[in-house]
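Chains as they are written, first to last, in our numbering: chain S, 1 to 238; chain U, 239 to 476.
There are 2 protein chains.
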Amino acid sequence: MAAFSVRARAVDAAAAIEPCGHCGARTRSVCNAIEAPDLARLAALAHGLTIPAGRQFIEEGDAAEHFFNVTAGTAKLFKMLPDGRRQITGFAGVGDFLGLAVSATYAFGAEAIEPMRICRFSRSRLKTLLADFPALERRLLEVAANELVMAQEQMLLLGRKTARERLASFLIARQSHGDAVRLPMTRSDIADYLGLTIETVSRTLTWLRGQRLIEIPAAAEIVIRDRPALERLAAGLR
Amino acid sequence: MAAFSVRARAVDAAAAIEPCGHCGARTRSVCNAIEAPDLARLAALAHGLTIPAGRQFIEEGDAAEHFFNVTAGTAKLFKMLPDGRRQITGFAGVGDFLGLAVSATYAFGAEAIEPMRICRFSRSRLKTLLADFPALERRLLEVAANELVMAQEQMLLLGRKTARERLASFLIARQSHGDAVRLPMTRSDIADYLGLTIETVSRTLTWLRGQRLIEIPAAAEIVIRDRPALERLAAGLR
DNA sequence: CGTGCTTTTGAAAATCATCAAGTATAGTGG
DNA sequence: CCACTATACTTGATGATTTTCAAAAGCACG
Numbered sequence: 001m002a003a004f005s006v007r008a009r010a011v012d013a014a015a016a017i018e019p020c021g022h023c024g025a026r027t028r029s030v031c032n033a034i035e036a037p038d039l040a041r042l043a044a045l046a047h048g049l050t051i052p053a054g055r056q057f058i059e060e061g062d063a064a065e066h067f068f069n070v071t072a073g074t075a076k077l078f079k080m081l082p083d084g085r086r087q088i089t090g091f092a093g094v095g096d097f098l099g100l101a102v103s104a105t106y107a108f109g110a111e112a113i114e115p116m117r118i119c120r121f122s123r124s125r126l127k128t129l130l131a132d133f134p135a136l137e138r139r140l141l142e143v144a145a146n147e148l149v150m151a152q153e154q155m156l157l158l159g160r161k162t163a164r165e166r167l168a169s170f171l172i173a174r175q176s177h178g179d180a181v182r183l184p185m186t187r188s189d190i191a192d193y194l195g196l197t198i199e200t201v202s203r204t205l206t207w208l209r210g211q212r213l214i215e216i217p218a219a220a221e222i223v224i225r226d227r228p229a230l231e232r233l234a235a236g237l238r
Numbered sequence: 239m240a241a242f243s244v245r246a247r248a249v250d251a252a253a254a255i256e257p258c259g260h261c262g263a264r265t266r267s268v269c270n271a272i273e274a275p276d277l278a279r280l281a282a283l284a285h286g287l288t289i290p291a292g293r294q295f296i297e298e299g300d301a302a303e304h305f306f307n308v309t310a311g312t313a314k315l316f317k318m319l320p321d322g323r324r325q326i327t328g329f330a331g332v333g334d335f336l337g338l339a340v341s342a343t344y345a346f347g348a349e350a351i352e353p354m355r356i357c358r359f360s361r362s363r364l365k366t367l368l369a370d371f372p373a374l375e376r377r378l379l380e381v382a383a384n385e386l387v388m389a390q391e392q393m394l395l396l397g398r399k400t401a402r403e404r405l406a407s408f409l410i411a412r413q414s415h416g417d418a419v420r421l422p423m424t425r426s427d428i429a430d431y432l433g434l435t436i437e438t439v440s441r442t443l444t445w446l447r448g449q450r451l452i453e454i455p456a457a458a459e460i461v462i463r464d465r466p467a468l469e470r471l472a473a474g475l476r
């Protein structure tokens, strides 16, 4: 628990102050709610951090002292049970905002699955900023509402879809451009995200390949061969 | 889909204008963000509706024209798959706010499981109100963030907990005052909320009774006998 | 080119779902 | 008020998907 702030401090040295104006993630993030003239104030509050792959930078239950904005890389967000069972509640990529929780403690842990750059804000200081920029608050509400919609979709997946439907849904959701789907997370992460075991994930991917719906040139890369069929499967159409 | 507005209109006749100042749900709802002097403006935008048990008043996919605030009764919120599989994503009780979705259409359906009173707001007109009352916006953000935390907890339940752990979690979460837990929803609703079947719900409740953790004086009423043990079970401690 | 980790594949086991009655409960009309 | 019917709930037997246990095959890195 207490490890969090220590760990964060450890990478502060490597943190270059990254002016928001040049931030590659700005157009995709909540920060786009703020106009250029005011970016200086935003930058003054922000703290750029570099996080190596595998480092957990949010610990569930720790005091929620910061908000984060991902500017590079990917993180997994998760909740754990005492015996080690884990549920990954989402993956946060470039532009995503972390730490919305209103409570005093983080409701989930977060760990980098790739090297990351994140922009860290103090909770208390952001409160001031929110008061000054209602547009930012509106944007956060939008973001939260969107997350809520995705969470409901995931509940449908976890509660009612079969393993095949889950994998089909997952692959479709992660397809961004072209037919290639990059999977920076391990099979274990995918399993914990979809409520399955790594063996079932592996077997189901093999089955999808057998059906000619996908190709698997490498473990971390899937090529979608028949998107319409995958979509039907994901939607639960037999 | 289109049935929604028609249905809503059908009960308009029975809708008495309910002054917000007297609203029993106000202290528990988002409306508590608005001070007494401004309540008149809120009331002018609100539309009180009475909904009989069993009526679906939000249809997934319909144009999202309204926000709702529950002032009496309970609704179930759900998503469906084409073949009839259903996932209940939550229950909305007194004070709860519905329809946060930013998209143009509702991401879930809603049906009364008890007779309800709801307060309906036009989306477009509420936007004006939000601009005037930043406090209301802040409150909505709080509500959304809370919902998000609950959604993540539910993902952990659906993805990683056993049937016994799911029922234990459910009963604990619904216990409000005293040892009695009121269950206005059917076993089918509970099953669709917990990602199980009605048979498993029934069997698991019987098992919990056999372990002396609960009593079942009536199908719709559970008495908690051993809360600590239920909590251990819900937390996944073997 | 080992060494360790991830992934895949196989066989057995378990939890939960499905199919099928039987029992309680509530609402209805005589 | 009571029988009747419909619906909800419970219980039992069987079955299937997924998990667990186990081991082999790939792959990345020093």
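Don't be surprised by glycine CBs; every beta carbon is placed ideally from N, CA and C.
- Taking only beta-carbon atoms, is S:S122 less than 8 angstroms away from chain U? Numbered from 1 along the first sequence, position 122 holds the residue referred to as residue 122 of chain S. It does not; no Cβ of chain U falls within 8 angstroms.
- Item | Residue from U:N270, U:R441, U:A301, U:L443 whose Cα sits closest to the Cα of U:P361 | The residue given as residue 361 of chain U occupies position 123 in the second sequence. The sequence given here places Arg at residue 361 of chain U; Pro does not occur at that position. Measuring C-alpha to C-alpha distances from U:R361 to each of U:N270, U:R441, U:A301, U:L443 identifies U:A301 as the nearest.
- Contact check, U:F306 vs U:A350 under 8 angstroms by CB: the rounded distance? For the purposes of this step, residue 306 of chain U is taken as residue 68 along the second sequence, with counting starting at 1. For the purposes of this step, residue 350 of chain U is taken as residue 112 along the second sequence, with counting starting at 1. A Cβ-Cβ distance of about 11 angstroms is found for the pair U:F306 and U:A350, leaving them out of contact under the 8 angstroms criterion.
- Message: Counting only C-beta atoms, is S:P134 closer than 8 angstroms to chain U at any point?
- Response: Within the first sequence, residue 134 of chain S is the residue found at index 134, counting from 1. Interface residue, yes.
- Counting only beta-carbon atoms, is U:K314 nearer than 8 angstroms to chain S? Residue 314 of chain U sits at position 76 when you count from the first residue of the second sequence. Closer than 8 angstroms: no.
- Query: Taking the DSSP output, what are the residues bridged to S:G48?
  - Reply: Here residue 48 of chain S is taken as the residue at index 48 of the first sequence, counted from 1. S:C119, per the DSSP bridge assignment.
- Message: With DSSP as the reference, identify every bridge partner of U:N270, one or two as the case may be.
- Response: On the second sequence, residue 270 of chain U is found 32 positions in, with the first residue counted as 1. Answer by DSSP bridge pairing: none, since U:N270 is not bridged.
- U:R377 in three-state terms, based on DSSP: In the second sequence, the residue the question calls residue 377 of chain U occupies position 139. Three-state result, U:R377: helix.
- Pull up the distance between the alpha-carbon of S:L208 and that of U:A457, whole angstroms please. Here residue 208 of chain S refers to the residue found at position 208 when the first sequence is read from its first residue. Here residue 457 of chain U refers to the residue found at position 219 when the second sequence is read from its first residue. The alpha-carbon atoms of S:L208 and U:A457 are separated by roughly 43 angstroms.
- Determine the chain U residues that contact S:P82 at a beta-carbon separation under 7 angstroms, and present them in chain order. As a working note, residue 82 of chain S is residue 82 in the first sequence. A473, G474, L475, listed in chain order.
- Task: Using beta-carbon positions only, say whether S:A145 and U:A382 come within less than 8 angstroms of one another.
- Result: As a position in the first sequence, residue 145 of chain S is number 145, starting the count at 1. As a position in the second sequence, residue 382 of chain U is number 144, starting the count at 1. The answer is yes: Cβ separation under 8 angstroms.
- Task: Locate the beta strand (DSSP E) running through U:V419, then write down its first and last residues.
- Result: In the second sequence, residue 419 of chain U corresponds to position 181, counting from 1. Run containing U:V419: 418-420, per the beta strand (DSSP E) assignment.
- Message: On the DSSP letters alone, give me the boundaries of the alpha helix (DSSP H) that S:G210 sits inside.
- Response: Locating residue 210 of chain S in the first sequence gives position 210, counting from the first residue. Start and end: 198-210.
- Buried or exposed (CB count within 10 angstroms, at least 16 for buried), S:T89: As a working mapping, residue 89 of chain S is identified with position 89 in the first sequence. The residue in question, S:T89, is buried, as its Cβ has 16 or more Cβ neighbours within 10 Å.
- Item | Where U:T442 falls, given that 16 or more other Cβ within 10 Å makes a residue buried | To locate residue 442 of chain U, count along the second sequence from 1; it is residue 204. It is buried - the Cβ of U:T442 has at least 16 other Cβ atoms within 10 Å.
- Message: Between which residues of its own chain and S:I222 is the CB-CB distance below 8 angstroms, once the five residues before and five after are set aside?
- Response: Position 222 of the first sequence holds residue 222 of chain S. Scanning its chain for C-beta atoms nearer than 8 angstroms, with the 5 sequence neighbours on each side dropped, one finds around S:I222 the residues L171, A180, V181, L183, L205, I214, E215, I216, in chain order.
- Query: Pairing CB atoms from the segment 263-270 of chain U with CB atoms from the segment 323-341 of chain U, are three or more of them under 8 angstroms?
  - Reply: The segment 263-270 of chain U and the segment 323-341 of chain U touch, with no fewer than 3 CB-CB distances between them shorter than 8 angstroms.
- U:L451 lies in the beta strand (DSSP E); which residues open and close that run? Numbered from its first residue, the second sequence carries residue 451 of chain U at position 213. Taken as a continuous stretch (DSSP letters only), U:L451 belongs to no beta strand (DSSP E), as it is neither H nor E.
- Item | Unbroken alpha helix (DSSP H) run spanning U:L468, endpoints | Start at 1 with the first residue of the second sequence, and residue 468 of chain U comes out as number 230. Element bounds for U:L468: 465-473.
- Query: Just to check, is the beta-carbon of S:A163 closer than 7 angstroms to a non-hydrogen atom of the ligand FMN?
  - Reply: Ligands displayed in this structure: none; no statement on the ligand FMN is therefore possible.
- Below 9 angstroms between beta carbons is the criterion; list the residues of the segment 99-116 of chain S that meet it against any residue of chain U, in chain order. If the cut-off is 9 angstroms between Cβ atoms, the segment 99-116 of chain S has L100, A101, V102, S103, A107, F108 near chain U.
- Message: Looking at U:L280: is its Cβ nearer than 8 angstroms to the Cβ of U:C269?
- Response: Position 42 of the second sequence, counted from the first residue, corresponds to residue 280 of chain U. Position 31 of the second sequence, counted from the first residue, corresponds to residue 269 of chain U. Yes, they are a contact pair.
- Item | Beta-carbon spacing of U:P353, U:A291 below 8 angstroms | One-based indexing of the second sequence puts residue 353 of chain U at position 115. One-based indexing of the second sequence puts residue 291 of chain U at position 53. Yes.
- Going by alpha carbons, who is nearest to U:R191 out of U:E298, U:L396, U:A406? Outside the displayed span of chain U (239 to 476) sits residue 191 of chain U, for which this structure offers no information.
- Message: Judging by CA-CA distance, which residue of U:I289, U:T288, U:G259 is the nearest neighbour of U:A278?
- Response: Mapped onto the second sequence, residue 278 of chain U falls at position 40. With distances taken between Cα atoms, U:A278 lies closest to U:G259.
- Find the nearest neighbour of U:F316 within the set S:Q154, S:C119, S:M185, S:L230, judged by alpha-carbon distance. Working through the second sequence from its first residue, we reach residue 316 of chain U at position 78. When only C-alpha atoms are compared, the closest one is S:Q154.
- Query: Excluding five sequence neighbours on each side, which residues of the same chain lie with their C-beta closer than 7 angstroms to the C-beta of S:A104?
  - Reply: What you label residue 104 of chain S is simply residue 104 of the first sequence in a count that begins at 1. Excluding positions up to five away in sequence, the list reads A63, A64.
- Task: Put U:F408 into one of helix, strand or coil per three-state DSSP.
- Result: What you label residue 408 of chain U is simply residue 170 of the second sequence in a count that begins at 1. Assignment of U:F408 by DSSP, reduced to helix, strand and coil, places it in the helix class.
- Contact with chain S by U:Q449, beta-carbon distance below 8 angstroms: Here residue 449 of chain U is taken as the residue at index 211 of the second sequence, counted from 1. Not an interface residue.
- Proximity test, Cβ basis, 8 angstroms: S:V149 and chain U: The sequence position of residue 149 of chain S within the first sequence is 149, counting from 1. For S:V149, the answer is yes, since a Cβ of chain U falls inside 8 angstroms of its Cβ.
- Task: Starting from the beta carbon of U:T327, find every residue of chain S whose beta carbon is closer than 7 angstroms, and list them in chain order.
- Result: Position 89 of the second sequence, counted from the first residue, corresponds to residue 327 of chain U. Those within 7 angstroms of U:T327 in chain S are Q152, M155.
- Item | Cβ-Cβ distance between U:V387 and S:A107 below 8 angstroms | Here residue 387 of chain U is taken as the residue at index 149 of the second sequence, counted from 1. Here residue 107 of chain S is taken as the residue at index 107 of the first sequence, counted from 1. Yes, the pair counts as a contact, with Cβ atoms nearer than the cut-off.
- Query: So, U:D430 versus U:Q325, is the Cβ gap smaller than 8 angstroms?
  - Reply: Working through the second sequence from its first residue, we reach residue 430 of chain U at position 192. Working through the second sequence from its first residue, we reach residue 325 of chain U at position 87. A contact, by the Cβ cut-off of 8 angstroms.
- Check the Cβ-Cβ distances between U:N384 and every residue of chain S, and say whether any is below 8 angstroms. By one-based count along the second sequence, residue 384 of chain U stands at place 146. Yes, because at least one Cβ of chain S sits closer than 8 angstroms to the Cβ of U:N384.
- Could you please give the first and the last residue of the uninterrupted beta strand (DSSP E) stretch that includes U:L432? Locating residue 432 of chain U in the second sequence gives position 194, counting from the first residue. In the DSSP annotation of this structure, U:L432 is not part of any beta strand (DSSP E); the continuous alpha helix (DSSP H) holding it starts and ends at 425-432.
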